[in-house]
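Visitor:
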Ligand code: ARG
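In this note's numbering, the protein residues as written are -17 to 419.
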């Protein structure tokens, strides 16, 4: 027999199974899990926002530089001149070429503010808009912009020769940017100071469409007769002057009886004013609708904003070819003899040549040189009652021009009976003689 260390088999011990407490949801654990879940959701949201939504902010800069390979022209001093328009579009196109190609997609757009004479060249003042993460600093972005620009001066074949030492860039806030842009007409902005894209929207009347955004047609006004409500549309052409149709004042020519509202709804209006003066064209004829144009002056001026803005008046030389896309807007009825709409509506129509519009089966010679037809030969889309006096506008590189004033038509949206508008270019000198604009 051998003696060794005394060994007991495990089996000899009484097996006591301590019952594990299955209290999963004890307070500490609960707290930990909650924190973990919240953290995961937080991180996930952060990632999504960073890559998808991204907390971007608009940054604005005023750039000034000299271009040496062009000569200053007298008409550059007039913003609505063809020379100013063509030159500024060329500069704006060049800017987007420089910044879009740089690849980071941060550039939004640019707007030439002024073209000034400079010894042997032209000095350009231009607003540049960018969107960068709100965490970026204006100074850092400024450095980036300068780098991109200088780089492209070195490497790119640009149509204009920018004199590098003359280039200055100043960060400006949205208020300053607004003020600078307000020196220009026909610009639309959303409430967040982002430029509105060229209108994607379409029809009203039969097949109509409400305007989606505040500020989409910031020059649109509603002319209301005290006690009788909306009568006509009108377009803001300066901070005090409205352009409208003469026939709107057939019922009442007393300015004290009228009020004007701005904004995309009649009630509530964004801005409201009294009228101080009404000027009806001396040769307006109610029987023929000839010279259906009038000016109305606000009793007190309006401040330009995203919701109130003036439209550009076209140079008298500007001619739109037939089938040009134009937009008409108004609070008028959507069917012949229907009610006024509280919400502004818009329609895309196309210009129609006077030759076609005067055909026997169309308006049979009723269209004079002061009128412009727009719509479609098979009808369906048109202005209607209550739209009178309102704007027909043309989009030229995101700058909007008033080309027509809603004047008359046989019923609404009928085939071969397009809308007839007052041809604004024809009255450019008349407007200038009365307002100085
Ligand atoms: N004369 C009408 C008015 O006083 C508007 C005429 C527009 N009609 C048309 N079919 N485009 O409101």
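Note that CB positions come from ideal geometry on N, CA and C, so glycine has one too.
Which runs of the alpha helix (DSSP H) fall wholly inside the segment 383 to 410 and span at least 4 residues, in chain order?
Guide: With a minimum length of 4 residues, no continuous alpha helix (DSSP H) run stays inside the segment 383 to 410.
Visitor: So, with DSSP's three-state summary, where would you put residue 381?
Guide: The sequence position of residue 381 within the chain shown is 399, counting from 1. Residue 381: strand per DSSP, three-state reduction.
Visitor: Return the residue from the list 295, 268, 396, 330 that minimises the CA-CA distance to residue 317.
Guide: Residue 317 sits at position 335 when you count from the first residue of the chain shown. Out of 295, 268, 396, 330, 396 has the C-alpha closest to the C-alpha of residue 317.
Visitor: What's the C-alpha gap between residue 242 and residue 211?
Guide: On the chain shown, position 260 is the one that residue 242 refers to. On the chain shown, position 229 is the one that residue 211 refers to. Near 10 Å, if we compare the C-alpha coordinates of residue 211 and residue 242.
Visitor: Taking residue 332 as part of the beta strand (DSSP E), name the residues at either end of that continuous run.
Guide: For the purposes of this step, residue 332 is taken as residue 350 along the chain shown, with counting starting at 1. 327 to 334 is the span of the beta strand (DSSP E), which, as asked, contains residue 332.
Visitor: Between the Cα of residue 404 and the Cα atoms of 82, 258, 276, 66, which residue gives the shortest distance?
Guide: Counted from its first residue, the chain shown places residue 404 at position 422. Minimum Cα distance to residue 404 is reached at 276.
Visitor: Answer yes or no: do residue 370 and residue 230 have a C-beta to C-beta separation smaller than 7 Å?
Guide: Numbered from 1 along the chain shown, position 388 holds the residue referred to as residue 370. Numbered from 1 along the chain shown, position 248 holds the residue referred to as residue 230. It is a contact, given that the beta carbons lie within the stated cut-off.
Visitor: Compute the Euclidean distance between the alpha carbons of residue 411 and residue 50, then round it to the nearest angstrom.
Guide: Residue mapping note: residue 411 aligns to position 429 of the chain shown, counting from 1. Residue mapping note: residue 50 aligns to position 68 of the chain shown, counting from 1. Whole-angstrom Cα-Cα distance: 35 Å.
Visitor: In chain order, what residues place their C-beta within less than 6 Å of a heavy atom belonging to ligand 1?
Guide: Taking each Cβ in turn, the ones that pass are 314, 364, 365, 366, 367, 368, 369, 370, 388, 390, 391, 394, 401.
Visitor: DSSP on residue 190, reduced to helix/strand/coil?
Guide: Position 208 of the chain shown, counted from the start, is the residue given in the question as residue 190. Unreliable placement is indicated for residue 190, whose pLDDT of 48 sits below 50; the coordinate value is still reported in the next sentence. Three-state DSSP puts residue 190 in coil, outside helix and strand.
Visitor: Measuring only from the beta carbon, is residue 265 closer than 6 Å to any heavy atom that is part of ligand 3?
Guide: With respect to ligand 3, the structure offers nothing, as its ligand set consists of ligand 1.
Visitor: Residue 103 bridges to which residues according to DSSP?
Guide: Position 121 of the chain shown, counted from the start, is the residue given in the question as residue 103. Answer is 100.
Visitor: Starting from residue 83, trace the beta strand (DSSP E) both ways and give me its first and last residue.
Guide: Residue mapping note: residue 83 aligns to position 101 of the chain shown, counting from 1. No beta strand (DSSP E) holds residue 83; the alpha helix (DSSP H) holding it covers 64 to 83.
Visitor: Does the beta-carbon of residue 346 have 16 or more other beta-carbons within 10 angstroms, so that it is buried, or is it exposed?
Guide: As a first step, residue 346 must be located in the chain shown, where it is residue number 364. Label assigned to residue 346: exposed.
Visitor: Taking residue 104 as the reference, give the member of 58, 125, 140 with the closest Cα.
Guide: Counting from 1 along the chain shown, the entry for residue 104 is found at position 122. Of the candidates 58, 125, 140, the one whose C-alpha sits nearest the C-alpha of residue 104 is 58.
Visitor: What three-state label does DSSP hand residue 171 in the structure shown?
Guide: Taking the first residue of the chain shown as position 1, residue 171 is located at position 189. In this structure, residue 171 counts as strand in the three-state DSSP scheme.
Visitor: State the CB to CB distance for the pair residue 43 and residue 144, rounded to an integer number of angstroms; the pair is presumed to be in contact (CB under 8 Å).
Guide: If you number the chain shown from 1, residue 43 lands on position 61. If you number the chain shown from 1, residue 144 lands on position 162. Between residue 144 and residue 43 the Cβ distance is about 15 Å, and since that is not below 8 Å, they are no contact.
Visitor: If you draw a straight line from the C-alpha of residue 283 to the C-alpha of residue 224, how long is it?
Guide: The count along the chain shown starts at 1 and reaches residue 283 at position 301. The count along the chain shown starts at 1 and reaches residue 224 at position 242. Cα to Cα, the separation comes out at about 11 Å.
Visitor: Label residue 260 either buried or exposed according to how many other C-beta atoms from any shown protein chain fall within 10 Å of its C-beta, with 16 as the threshold for buried.
Guide: Numbered from 1 along the chain shown, position 278 holds the residue referred to as residue 260. Classification for residue 260: buried.
Visitor: Kindly indicate which residue of 199, 159, 164 has the alpha-carbon position closest to the one of residue 247.
Guide: By one-based count along the chain shown, residue 247 stands at place 265. Residue 199 is the option with its Cα nearest to residue 247.
Visitor: Provide the residue(s) that pair with residue 123 in DSSP beta bridges, ordered along the chain.
Guide: Locating residue 123 in the chain shown gives position 141, counting from the first residue. Its beta-bridge partners do not exist; DSSP assigns none.
Visitor: Count Cβ pairs between the segment 337 to 352 and the segment 361 to 368 that sit closer than 8 Å; are there 3 or more?
Guide: As far as the Cβ criterion goes, the segment 337 to 352 does not touch the segment 361 to 368, which means the pair count is below three.
Visitor: Note down, in chain order, each residue of its chain lying with its Cβ closer than 6 Å to the Cβ of residue 75, except the 5 sequence neighbours on either side.
Guide: Translated into positions along the chain shown, residue 75 becomes position 93. Closer than 6 Å at the Cβ level, and outside the excluded window around residue 75, lies no residue.
Visitor: I'd like to confirm the pairing. Which residues does DSSP put opposite residue 223 in its beta bridges?
Guide: Locating residue 223 in the chain shown gives position 241, counting from the first residue. For residue 223, which the question treats as bridged, DSSP gives the partners 279.
Visitor: Of all the options 232, 162, 267, 77, which has the alpha carbon lying nearest to the alpha carbon of residue 353?
Guide: The sequence position of residue 353 within the chain shown is 371, counting from 1. Minimum Cα distance to residue 353 is reached at 267.
Visitor: For the alpha helix (DSSP H) containing residue 156, list its first residue and its last residue.
Guide: Working through the chain shown from its first residue, we reach residue 156 at position 174. It spans 156 to 164 - the alpha helix (DSSP H) in which residue 156 sits, taken as one unbroken run.
Visitor: What does the alpha-carbon distance come out to for the pair residue 46 and residue 107?
Guide: Against the chain shown, residue 46 aligns to sequence position 64. Against the chain shown, residue 107 aligns to sequence position 125. For residue 46 and residue 107, the distance between alpha carbons rounds to 5 Å.
Visitor: Counting C-beta neighbours from all protein chains within 10 Å, is the total for residue 64 16 or more, i.e. buried, or is it exposed?
Guide: Position 82 of the chain shown, counted from the start, is the residue given in the question as residue 64. Label assigned to residue 64: exposed.
Visitor: Please list, in chain order, all residues of the same chain as residue 82 whose beta carbon is under 7 Å from its beta carbon, the five residues on each side excluded.
Guide: As a position in the chain shown, residue 82 is number 100, starting the count at 1. Contacts found: 89.
Visitor: By Cβ distance, which residues of its chain are closer than 6 Å to residue 409, with the 5 residues on each side in sequence left out?
Guide: Locating residue 409 in the chain shown gives position 427, counting from the first residue. The residues are 275.
Visitor: Would residue 356 pass as a contact of residue 312 if the rule is Cβ separation under 7 Å?
Guide: Taking the chain shown and counting its residues from 1, one reaches residue 356 at position 374. Taking the chain shown and counting its residues from 1, one reaches residue 312 at position 330. It is not a contact, given that the beta carbons lie outside the stated cut-off.
Visitor: Provide the residue span of the beta strand (DSSP E) that contains residue 216, from first to last.
Guide: Residue mapping note: residue 216 aligns to position 234 of the chain shown, counting from 1. Per DSSP, residue 216 belongs to the beta strand (DSSP E) from 211 to 218.
Visitor: In the structure shown, what three-state DSSP assignment does residue 206 receive?
Guide: Taking the chain shown and counting its residues from 1, one reaches residue 206 at position 224. Residue 206 falls in the strand class under three-state DSSP.
Visitor: Give the range of the beta strand (DSSP E) segment to which residue 254 is assigned.
Guide: Start at 1 with the first residue of the chain shown, and residue 254 comes out as number 272. Residue 254 -> beta strand (DSSP E) spans 253 to 262.
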